[in-house]
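Numbering (full-length UniProt numbering), first residue to last: 1 to 161.
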């Protein structure tokens, strides 16, 4: 059940003996003591700490759906977290999103990832999916981007155009 690792380190006049153990659920426990070279100078101190090193991947929120107009900018957000930090891939209609300089870009953010599409065209309409993966698994969410073509307003009768 417990796997023990013993490490002995000499740093200047201090000797540290440390035992670190990890259980089957990856909970880590560390124990050690510090003694000065001359024990009469200071009383020995000891420490015992336990930390829960949790590994996970989590979808924090579903992706937003967007309906917007031709020529504008849309941003889709992939809100994920994990330990280790997940890598995020973006797909449009099940194919990888191809970045285009100054128009289509995605980047890592503290909350996950953001996809930004500038100067929208009706061909940008589609199902967008972010897929986040780490050693603990994969999570994904899908949002719809709908780019509508806004026709020019029709002039009112009797008004100059």
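Ideal placement from N, C-alpha and C gives every residue a C-beta, glycine not left out. Predicted, not measured: the structure shown is a model, and the values here were computed from it.
Non-local C-beta neighbours of residue 58 in its own chain, meaning closer than 6 Å and more than five positions away in sequence, comprise 81, ordered along the chain. Counting along the chain, the unbroken beta strand (DSSP E) around residue 147 starts and ends at 137-148. Residue 80: member of the beta strand (DSSP E) spanning 74-83, first to last residue.
Bounds of any beta strand (DSSP E) do not take in residue 99, whose DSSP letter is neither H nor E. Pairing residue 98 with residue 122 gives a Cβ-Cβ distance that is not under 9 Å. Taking the C-beta atoms as reference points, residue 143 is found nearer than 9 Å to residue 62. Here residue 122 carries a helix assignment [DSSP, helix/strand/coil]. Residue 109 carries a strand assignment under DSSP once its states are collapsed to helix, strand and coil. Here residue 53 carries a coil assignment [DSSP, helix/strand/coil].
Relative to the Cα of residue 127, the nearest Cα in the group 102, 108 and 66 belongs to 66.
In chain order, 74, 120, 145, 146, 147 and 148 place their CB closer than 8 Å to the CB of residue 68, counting only its own chain and leaving out the 5 sequence neighbours on each side.
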